[in-house]
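Colleague: For the protein sequence lines, the chains are A and B, in the order given.
Residue 75 in our numbering sits at position 46 of the first sequence; the count goes up by one each step and never skips.
Residue 381 in our numbering sits at position 176 of the second sequence; the count goes up by one each step and never skips.
One structure coming up, written as structure tokens, with questions to follow.
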Amino acid sequence: MNRLLKNREIFLFLAILLVLVLVTLRFPRFAQPNNLLTIFNDSSILMMLALGQMAVILTRSIDLSMASNLALTGMIVAMTNAAFPGIPIPLLIVMCVFIGGVLGAFNGILVWKLEIPPIVVTLGTLTIFRGLVFVISGGAWVNAAQMSPDFVSLQRTIFLGLPLLSWFAIATALLFYLLMTRTPLGRALYAIGVNPTASVYTGIDVGRTKFYAFVIAGAVAGLCGYLWISRYVIASVEVAGGYELNIIAACVIGGVSIAGGIGSVAGVLMGAIFLGVINNALPVINISPFWQMAISGTAILLAVVLNARGERRKGRIILKKAEAV
Amino acid sequence: MTDIHATGRSLPNRLDNPLKSAVLSWESLLVLVAVGIFLLNSFASPYFLNAYSLSDLTFNFTEKGLIALAMALLIISGEIDLSVAAIIALASTMMGLALQYGADTPTLVAVGVGVGILCGAFNGFLVTGLKLPSIVVTIGTMSLFRGIAFIVLGDQSFKGYPPSFSWFGQGYVWWVISLELMLFLVSAVIYWVLLHRTNFGRRVFAIGNNDVAAQFSGVRVDRIKFILFCLTGLMSGIAAVLLTARLGSTRPSIAEGFELEAITMVVLGGVSILGGAGSIVGVVLAALIIGLVTFGLGLLNVPGIVMTIFTGSLLIVVIALPILFRMWRLRA
């Protein structure tokens, strides 16, 4: 049991299974494959955002501006689509990734070149980006009638039995898996989080690597901007308000250490799915959706307690002492 | 004890802290900025320069300023509390609940302040007792506290607070000096003495500069951090009483975004987000500046969401400027 608790992914998988079983006992239709696929699809955007956030948190940073970035990019792309319905959707998606990446790069530059603490930078851009949504839209909404049919239907297209939205999440997850485990950049992200001093001596440019992490998170947020807007078919100032907390929650529940250096793609995916399952289960077992916030808060606290227990056994204390001296 | 350091310390070498060297002249710079904005406001709007306008202005920053005072100490000690706005929501909801059971004004105030302290103590316990990073803990409790408010209230609201209770948010002590302003000024003096004139304050600085060294020098690091979390909770509780009394109603979404503004005040006031440096005078001036900016923009009919662009930019620019200045000086 102890070893099981140590392995975050297995533990989370069992926790998700437990929730599924408990709900299914009362409502057999909950665990039908169709509904499970719906839950996966519902969690797709959160999964992608949490993966982007993980890249940042690994480097001992944090990006609080992702939800605002999503809202801003989403508004830009929705307005572009409303004004020029002729622009092909794939081009719009590329545009989203680019705009999101630029917004992320803005965070990254401030962290890299000016060495401003990431929490301050992204606290600032959190309000700035969302304010800009109001400025460019004038507070108006872009609704379903203004969007082109392709814009709305693309992510709902079924491909090999799954909506394209799910495929976006799967592709992103695969890319992140390759990035984290098979590329120098991915390894550098971990190295910086575990020991920045040692990373410098091994030739890693700490500032530049953090910059890349913010660009990655921004690009993901931008892509999710399109996916979010076309999923809920409304672009407004309030889109994804406060969602940055859910993103961080998914990471923390997924075993990403806020102290940096610890976290896995599988864990983060499971963290997001866990929140997705809970959110889908609440209405089924007739609990008001108003419980959602308190439940994710509790889940964050439980997860961070578990994380701390796991980390303490890893002998990082010795390194920490060496650093302090 | 990783928390802020974990996210904030970007490079291993943090001997040269640009904020620390700038902090000497920081307050004077803030005074200049405040005077500048004051003059700008006076020219921009004919309604600005009279006693009642200026009195109204203070309501823009007193509640957040009260929290910022305690938050300043907490950030100087190297921790942070993102849950303050959620504490307001929970305290306000509990006051509303107490009202439903026929509580009188003193009880309402006691409930608000008491819930605040309890929430702060809960944060403090998780951070110091269980050794968890404060940034994640308070992100968690932020969802939890406001989540409880949502569970209790849903899409409803509590109304019907007695007039004697409303006085806390709307009453005036003397002429145009409101009770809120009075409380803010008195608290500012208390926190100034506490931080700059007592052993406790010295220890807070010591912890923020090096908590390991402080521990070995005989400072009870955990106990002091716990007290600071309780103080932040207490100030949030007081802010909850004032805000609820001023608005006259409680919704679960009350005080949304207050944590960002309080932290902006603290950082704008010259407190290093990495801990170990800062002053109460700076925080008070920063609170005043933010009050002036938002009120001035309000007089010019700028919508609230656009104002947040200004506060957000102010936060980044004010921190970036000394750093840019230092880089420029090193190059010259």
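C-beta: ideal position from N, C-alpha, C; glycine also.
All values derive from a computational prediction rather than experimental measurement.
Hey, is methionine 322 of chain A's beta-carbon within less than 8 Å of any beta-carbon in chain B?
Modeller: Residue 322 of chain A sits at position 293 when you count from the first residue of the first sequence. Yes, because at least one Cβ of chain B sits closer than 8 Å to the Cβ of methionine 322 of chain A.
Colleague: Step through the CB atoms of chain A and report whether any lies within less than 8 Å of the CB of valine 488 of chain B.
Modeller: Locating residue 488 of chain B in the second sequence gives position 283, counting from the first residue. It does not: the Cβ of valine 488 of chain B has no partner Cβ on chain A nearer than 8 Å.
Colleague: On the three-state DSSP scale, how would you describe lysine 336 of chain B?
Modeller: Residue mapping note: residue 336 of chain B aligns to position 131 of the second sequence, counting from 1. Correct three-state label for lysine 336 of chain B: coil.
Colleague: Just the Cα atoms here: how many angstroms apart are valine 262 of chain A and valine 181 of chain A?
Modeller: Locating residue 262 of chain A in the first sequence gives position 233, counting from the first residue. Locating residue 181 of chain A in the first sequence gives position 152, counting from the first residue. Cα-Cα distance, rounded: 7 Å.
Colleague: What do you reckon, are the CB atoms on valine 523 of chain B and isoleucine 280 of chain B nearer than 8 Å?
Modeller: Taking the first residue of the second sequence as 1, we reach residue 523 of chain B at position 318. Taking the first residue of the second sequence as 1, we reach residue 280 of chain B at position 75. Against a cut-off of 8 Å, the Cβ pair of isoleucine 280 of chain B and valine 523 of chain B comes out as no contact.
Colleague: By a C-beta neighbour count over all protein chains shown, 10 Å radius and 16 as the cutoff for buried, is leucine 433 of chain B buried or exposed?
Modeller: Indexing the second sequence from 1 puts residue 433 of chain B at position 228. Flag for leucine 433 of chain B reads buried.
Colleague: By how many angstroms is the C-alpha of phenylalanine 197 of chain A removed from the C-alpha of glycine 321 of chain B?
Modeller: Stepping through the second sequence from its first residue, residue 321 of chain B is reached at position 116. Stepping through the first sequence from its first residue, residue 197 of chain A is reached at position 168. Glycine 321 of chain B and phenylalanine 197 of chain A: Cα-Cα distance of roughly 44 Å.
Colleague: Three or more C-beta pairs under 8 Å: does that hold for the stretch 310-323 of chain A against the stretch 342-358 of chain B?
Modeller: With the cut-off at 8 Å, the stretch 310-323 of chain A and the stretch 342-358 of chain B touch.
Colleague: Where do the ends of the alpha helix (DSSP H) carrying tryptophan 257 of chain A lie?
Modeller: The residue given as residue 257 of chain A occupies position 228 in the first sequence. Taken as a continuous stretch (DSSP letters only), the alpha helix (DSSP H) holding tryptophan 257 of chain A covers 235-261.
Colleague: DSSP has asparagine 172 of chain A in a bridge; who is on the other side?
Modeller: As a position in the first sequence, residue 172 of chain A is number 143, starting the count at 1. For asparagine 172 of chain A, which the question treats as bridged, DSSP gives the partners A/Ile263.
Colleague: What are the uninterrupted segments assigned as alpha helix (DSSP H) that are 4 or more residues long and contained completely in the stretch 306-381 of chain B, given in chain order?
Modeller: Runs of the alpha helix (DSSP H) inside the stretch 306-381 of chain B: 310-329, 339-358, 368-375.
Colleague: What number of angstroms, rounded off, separates the C-alpha of valine 316 of chain B from the C-alpha of methionine 387 of chain B?
Modeller: Start at 1 with the first residue of the second sequence, and residue 316 of chain B comes out as number 111. Start at 1 with the first residue of the second sequence, and residue 387 of chain B comes out as number 182. Between valine 316 of chain B and methionine 387 of chain B, the C-alpha separation is close to 22 Å.
Colleague: Assign phenylalanine 264 of chain B to one of three DSSP states: helix, strand, or coil.
Modeller: The residue given as residue 264 of chain B occupies position 59 in the second sequence. In this structure, phenylalanine 264 of chain B counts as coil in the three-state DSSP scheme.
Colleague: Closest to leucine 262 of chain B by CA distance: which of B/Leu490, B/Leu497, B/Asp286, B/Leu505 is it?
Modeller: Taking the second sequence and counting its residues from 1, one reaches residue 262 of chain B at position 57. Ranking the options by Cα distance to leucine 262 of chain B, first place goes to B/Leu497.
Colleague: Determine which residues share a DSSP beta bridge with leucine 93 of chain A and list them.
Modeller: The residue labelled residue 93 of chain A in the question sits at position 64 within the first sequence. Answer by DSSP bridge pairing: none, since leucine 93 of chain A is not bridged.
Colleague: Answer with yes or no whether the minimum CB distance from isoleucine 459 of chain B to chain A is below 8 Å.
Modeller: Indexing the second sequence from 1 puts residue 459 of chain B at position 254. So no, isoleucine 459 of chain B is outside the interface.
Colleague: Going by DSSP in three states, phenylalanine 135 of chain A sits in which element: helix, strand or coil?
Modeller: The residue given as residue 135 of chain A occupies position 106 in the first sequence. In this structure, phenylalanine 135 of chain A counts as helix in the three-state DSSP scheme.
Colleague: Could you pull out every residue in the same chain whose Cβ sits closer than 6 Å to the Cβ of alanine 491 of chain B, ignoring the five residues on either side in sequence?
Modeller: Looking up residue 491 of chain B in the second sequence gives position 286. The answer, listed in chain order, is Met470, Leu473, Gly474.
Colleague: Please list, in chain order, all residues of the same chain as cysteine 125 of chain A whose beta carbon is under 7 Å from its beta carbon, the five residues on each side excluded.
Modeller: Position 96 of the first sequence, counted from the first residue, corresponds to residue 125 of chain A. Closer than 7 Å at Cβ, skipping near neighbours: Thr102, Val106, Gly251, Leu252, Gly254, Tyr255.
Colleague: Nearest to glycine 115 of chain A by CA position, among A/Ile276, A/Pro178, A/Gly289, is which residue?
Modeller: Residue 115 of chain A sits at position 86 when you count from the first residue of the first sequence. When each option's Cα is compared against that of glycine 115 of chain A, the closest is A/Pro178.
Colleague: Please list, in chain order, the chain B residues whose beta carbon lies closer than 8 Å to that of serine 317 of chain A.
Modeller: The count along the first sequence starts at 1 and reaches residue 317 of chain A at position 288. The answer, in chain order, is Ile356, Gly359.
Colleague: State the Cα-Cα distance for the pair arginine 342 of chain A and leucine 335 of chain A, rounded to the nearest angstrom.
Modeller: For the purposes of this step, residue 342 of chain A is taken as residue 313 along the first sequence, with counting starting at 1. For the purposes of this step, residue 335 of chain A is taken as residue 306 along the first sequence, with counting starting at 1. Only weak support exists for where arginine 342 of chain A lies, its pLDDT of 49 falling under 50; the coordinates are left without a value.
Colleague: Using 10 angstroms around the beta-carbon of asparagine 506 of chain B, count the other beta-carbons present and answer buried if the total reaches 16, otherwise exposed.
Modeller: Taking the first residue of the second sequence as position 1, residue 506 of chain B is located at position 301. Asparagine 506 of chain B comes out exposed.
Colleague: From alanine 351 of chain A to threonine 238 of chain A, what distance separates their C-alpha atoms?
Modeller: Translated into the one-based positions of the first sequence, residue 351 of chain A becomes position 322. Translated into the one-based positions of the first sequence, residue 238 of chain A becomes position 209. Note that alanine 351 of chain A has pLDDT 43, beneath the 50 cutoff, so the model's placement of it is unreliable and the number below is only indicative. Whole-angstrom Cα-Cα distance: 24 Å.
Colleague: Mapping the DSSP letters down to three states, classify arginine 534 of chain B as helix, strand or coil.
Modeller: As a first step, residue 534 of chain B is located in the second sequence; it is residue number 329 there, counting from the start. Arginine 534 of chain B: helix per DSSP, three-state reduction.
Colleague: Quickly, what does DSSP pair serine 383 of chain B with across the bridge? List them, please.
Modeller: Within the second sequence, numbered from 1, the residue matching residue 383 of chain B stands at position 178. Note: serine 383 of chain B sits in a beta bridge opposite B/Tyr377.
Colleague: In chain B, which residues lie less than 8 Å from threonine 154 of chain A when you measure between Cβ atoms?
Modeller: Along the first sequence, read from residue 1 onward, the residue named residue 154 of chain A stands at position 125. Near threonine 154 of chain A (Cβ distances below 8 Å), the residues of chain B are Gly517, Ile521.
Colleague: For isoleucine 291 of chain A versus valine 297 of chain A, is the C-beta distance shorter than 8 Å?
Modeller: As a working mapping, residue 291 of chain A is identified with position 262 in the first sequence. As a working mapping, residue 297 of chain A is identified with position 268 in the first sequence. Contact flag unset, no.
Colleague: Looking at chain A, is there any beta carbon in it that lies within less than 8 Å of the beta carbon of serine 282 of chain B?
Modeller: Your numbering for residue 282 of chain B matches position 77 in the second sequence. Not one chain A Cβ lies under 8 Å of serine 282 of chain B.
Colleague: Just by C-beta distance, which residues in the stretch 154-177 of chain A are closer than 9 Å to chain B?
Modeller: So the close ones are Thr154, Leu155, Thr156, Ile157, Phe158, Arg159, Gly160, Leu161, Val162, Phe163, Val164, Gly168.
Colleague: Could you name the residues of chain A that leucine 384 of chain B contacts, counting a contact when the two beta carbons are closer than 7 Å?
Modeller: To locate residue 384 of chain B, count along the second sequence from 1; it is residue 179. Correct list: empty, because the minimum Cβ distance to chain A is about 29 Å.
Colleague: Comparing alpha-carbon positions, which option in B/Thr333, B/Cys324, B/Asp360, B/Phe264 lies nearest valine 381 of chain B?
Modeller: Counting from 1 along the second sequence, the entry for residue 381 of chain B is found at position 176. Comparing Cα-Cα distances from valine 381 of chain B to each of B/Thr333, B/Cys324, B/Asp360, B/Phe264, the minimum goes to B/Phe264.
Colleague: Within the same chain, show all residues whose beta-carbon is closer than 6 Å to that of alanine 326 of chain B, passing over the 5 residues directly before and after it, in chain order.
Modeller: Translated into the one-based positions of the second sequence, residue 326 of chain B becomes position 121. Cβ neighbours of alanine 326 of chain B beyond the five flanking positions: Cys435.
Colleague: Hey, quick one: how far does the alpha helix (DSSP H) through methionine 202 of chain A stretch, first residue to last?
Modeller: Counted from its first residue, the first sequence places residue 202 of chain A at position 173. First, the amino acid is wrong: residue 202 of chain A is alanine here, not methionine. Residues 193-211.
Colleague: Measure from the C-beta of methionine 300 of chain B to each C-beta in chain A and report whether the shortest distance is under 8 Å.
Modeller: One-based indexing of the second sequence puts residue 300 of chain B at position 95. Chain A, which has no Cβ nearer than 8 Å to the Cβ of methionine 300 of chain B, makes this no.
Colleague: Per DSSP, what kind of secondary structure is phenylalanine 405 of chain B in: helix, strand or coil?
Modeller: Here residue 405 of chain B corresponds to residue number 200 of the second sequence, with the count starting at 1. Reduced to three states, the DSSP call for phenylalanine 405 of chain B is helix.
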